[in-house]
Amino acid sequence: MAVPKEPTWERDPHTAAKHDVLRRYLQAWAPILLSRNDVITYAEGFAGPGIYKGGEAGSPVIAHGVLASWLRQRPGKMVKMVLIEEDPRRIAELERRLAHTRATSLGPELTRLETLVAQGACHPDLLHRLGQAGSLQHPMFVLLDGFGGPDVPFTLIEQIARHRSSEVMITFQPQFLIRFATKDDHHRGSGDAFFGNTDWQGVFSQPSHAKAPYLRDQYRRTLKRAGFDHSLSFEMIDEKGHLLYLIFGTRNEKGVEKMKDAMWKVDTTTGVRYRDPKDPRQQVLDLNFEPDTGPLRRILLEHLKASPTGRRVEDLQRFTLLETVYKPTQVISLLTRMRSEHRITATPGRITRSTQVTATHTDALF
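Under this note's numbering, read the sequence shown as residues 1 to 366, first letter to last.
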């Protein structure tokens, strides 16, 4: 995606969806981390101007509002914001927006919300500024909204992952590598830096429909190699069909749970995507009002099939959290329906796959 030349630009619908995910996650992340730590940090490597042409708030201003509201309820706690931006015009606008936010949000908690806005490149300036702010010793949420490439190299992700309770959310546009890296050594080098190895180049032998998912899965493996045990992806498609991935990395299972909650609030049907309402392919999705848990039924039945002695409900919930796109809270109601349909049997403490449901019958049910 081309970087806008003007200091501000129009906010498109998928950016609004991205901000919705971010806001909802920070509303859950901040109280949990502030209950356990005296200091936490929110950071951005591509902060932007903090506002769009239509007056909508940018991600730093959204984060500032959420974090300030939670500081009101957490006396004695502190939040640091470290915001990096290259364009001096955008820095000036961002500082104006944050000053306006502070002036209109009166309260003693703002003295405990330290904000550093600095000019520079995401790499290496972000880590340098985080070190200066003393943030590397405290939990961090780092938003890297630069669409991937050499500005967000694997080495940066690896260094962030070394620090306690760090999390990242990265915007990644796969089409850039799909289109250009086959012809250009420079772009292939950018891909190597972004992924941290050359494994991603297997995308060139994939069929067209599989290229973007292949890169998404490769990048989730990249986060694993960097040190983030768990990852989630959320796809966003604009009115022109351009695909972006939000990819989240964390070590904390509670972080996975809360990010899933945020994603399912934005996509109430599948929990993994947002399509611009102007996209004609969205029309089918508009008719869906209930979560589509059919795939989770198949997954859980296969998981139970591999364990003839059955599994605990807690184990099925944790498996759902870490190995599927679904939420643990969706498991109980689904198990209840599956039991009433004789697909599973329940004994004290254990769930087993019903012997009344043959493989052929199971396939036909879905």
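Glycine is no exception: its CB is placed at the ideal position from the N, C-alpha and C atoms.
Predicted model only: the values in this text are computed from it and were never measured.
Report the option in the options whose CA atom is closest to the CA atom of residue i.
| i | options | result |
| --- | --- | --- |
| D145 | T324, P291 and V168 | V168 |
| V142 | L322, G202, D185 and T250 | T250 |
| A133 | T352, R188, E114 and F154 | E114 |
| F46 | D151, V325 and W264 | D151 |
| A92 | S69, M236, L71 and L116 | L116 |
| G55 | D38, L94 and D185 | L94 |
| L223 | K240, E314 and I247 | I247 |
| T269 | I299, A226 and Q330 | Q330 |
| R36 | S165, Y42 and T8 | S165 |
| E253 | E302, W29 and L22 | W29 |
| L301 | L321, L335, R318 and Y274 | L335 |
| C122 | S105, D87 and Q137 | D87 |
| A262 | G241, K240 and F234 | F234 |
| H242 | G196, R74 and R273 | R273 |
| F228 | T355, F154 and V39 | F154 |
| Y326 | L232, F147, I51 and T355 | L232 |
With H, G and I counted as helix, E and B as strand and the rest as coil, what does DSSP make of residue i?
| i | result |
| --- | --- |
| S233 | strand |
| P7 | coil |
| T198 | coil |
| G48 | coil |
| T15 | helix |
| S354 | coil |
| R221 | helix |
| V325 | coil |
| E302 | helix |
| P348 | coil |
| Q173 | coil |
| A30 | helix |
| E341 | coil |
| R311 | strand |
| A212 | helix |
| S166 | strand |
| V284 | Confidence is the limiting factor: at V284 the pLDDT is only 38, short of 50, which leaves the residue's position unreliable, though a coordinate-based value still follows. Helix, per DSSP. |
| F319 | helix |
How about residue i and residue j: do their beta carbons lie closer than 8 Å?
| i | j | result |
| --- | --- | --- |
| F172 | Y219 | yes |
| R112 | M78 | yes |
| K305 | R337 | no |
| T324 | I299 | yes |
| E109 | L71 | yes |
| H14 | L177 | no |
| R90 | P174 | no |
| A63 | M140 | no |
| L26 | R74 | no |
| I40 | H163 | no |
Let me see if you follow: with CB-CB separation under 8 Å, is residue i close to chain B or not?
| i | result |
| --- | --- |
| G294 | The chain labelled as chain B is not found in the depicted structure, where only one protein chain is given. |
- Should the stretch 200-215 be called in touch with the stretch 153-164, which here means at least 3 C-beta pairs below 8 Å? no
- Task: Answer yes if the stretch 118-137 comes into contact with the stretch 101-109, meaning at least three C-beta pairs across the two stretches below 8 Å, and no otherwise.
- Result: no
- Item | Meets three-Cβ-pair contact criterion under 8 Å: the stretch 77-93 and the stretch 188-199 | no
- Message: Extract the residue ranges of the beta strand (DSSP E) inside the stretch 50-111, only unbroken runs of 3 or more that lie entirely within it.
- Response: 78-85
- Message: Across the stretch 54-61 and the stretch 5-21, are there enough close Cβ pairs to call them in contact, namely three or more that are closer than 8 Å?
- Response: yes
- Query: Taking contact to mean at least 3 C-beta pairs separated by less than 8 Å, is the stretch 254-261 in contact with the stretch 344-352?
  - Reply: no
- Item | Complete beta strand (DSSP E) runs within the stretch 244-278 (minimum length 3 residues, chain order) | Counting whole runs of 3 or more residues, the stretch 244-278 contains the beta strand (DSSP E) stretches 273-275.
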